[in-house]
Amino acid sequence: MLLRSLQCSKLQCLNLRGFASVTPQEVLKPGDVLRKARAFTEEDVLQYSRVSFDCNPLHLDSAAAKDVGFEGPVVHGMLVSSLFPHIISTHFPGAVYVSQNLNFKFPVYIGDQIIGEVQATNLRANRNRYLAKFKTRCLKNGELIVIDGEAVALLPTLTLRATQGAVTDL
């Protein structure tokens, strides 16, 4: 496995907002990790509530969230986990997301610094595409795993698309 990682402190890594550059010749291999850093805003939560019709007060009302033991409104777990298909489709346009299982371990609050990761664990040719299995996880503040699981996607190619500003370990 070719290792390519940013030499940065945890704070610098957490402040990344996009994807790091990947040369178009790089090919996905088992063990490779693709990442996306993001902090979710109150506006993100409001928009997600509208489009998903999930208006649970735990996501929108600080008092309601605190009444059941949270520090404040909780970002929807499905909104946080949307980082996974975003990472895959950004690097592999035309990818088809086949399945995802998720374990929600800890709450994510508005403004938390989250890093979504997908790690290729199994790749196999499937006609003119590739069936790819990924280990998925989201970390809060670079270390606490708040969501983990597995995803399967059909990729049109194993060649990674060059993207702006990504954090990629290949």
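Numbering-wise (UniProt numbering), the sequence shown opens with residue 1 and increments by one.
Yeah, the Cβ is synthetic: ideal placement off N, Cα and C, and Gly gets one too.
All figures in this text were calculated on a predicted structure; none of them were measured in a lab.
Comparing alpha carbon positions, the residue from Ser82, Gln119, Lys105 closest to lysine 29 is Gln119.
Residue environment for alanine 65: buried (at least 16 other C-beta atoms within 10 angstroms of its C-beta). In summary, glycine 116 is buried, with 16 or more beta-carbon neighbours lying within 10 Å of its beta-carbon over all protein chains present.
Rounded to the nearest whole angstrom, the CA to CA distance from arginine 35 to isoleucine 87 is 7 Å.
For leucine 79, the closest C-alpha among the options Pro93, Asn128, Arg50, Leu123 is that of Arg50. Contact check for isoleucine 145 against leucine 139 passes: the beta carbons are separated by less than 7 Å. Beta bridge pairing from DSSP links isoleucine 147 with Phe104, Cys138. Residue ranges of uninterrupted alpha helix (DSSP H) with 4 or more members, entirely inside the UniProt domain "MaoC-like" (35-128) and ordered along the chain, are 42-52, 57-60, 62-67, 77-81, 83-91. Of all alpha-carbon atoms in Ile114, Asn56, Asn126, the one lying nearest the alpha-carbon of serine 82 is that of Ile114. Assignment of leucine 154 by DSSP, reduced to helix, strand and coil, places it in the strand class.
Within the same chain, Ala120, Thr121, Asn122, Leu123, Glu150, Ala151, Val152 come within 8 Å of lysine 133 by CB-CB distance, once the 5 residues on both sides are set aside. Cβ atoms of valine 45 and histidine 59 come within 8 Å of each other, at about 6 Å. Here threonine 41 is exposed. Its C-beta has fewer than 16 other C-beta atoms within 10 Å.
DSSP places leucine 131 in the strand class (E or B) of the three-state scheme. C-alpha of proline 156 to C-alpha of alanine 95: approximately 6 Å in a straight line.
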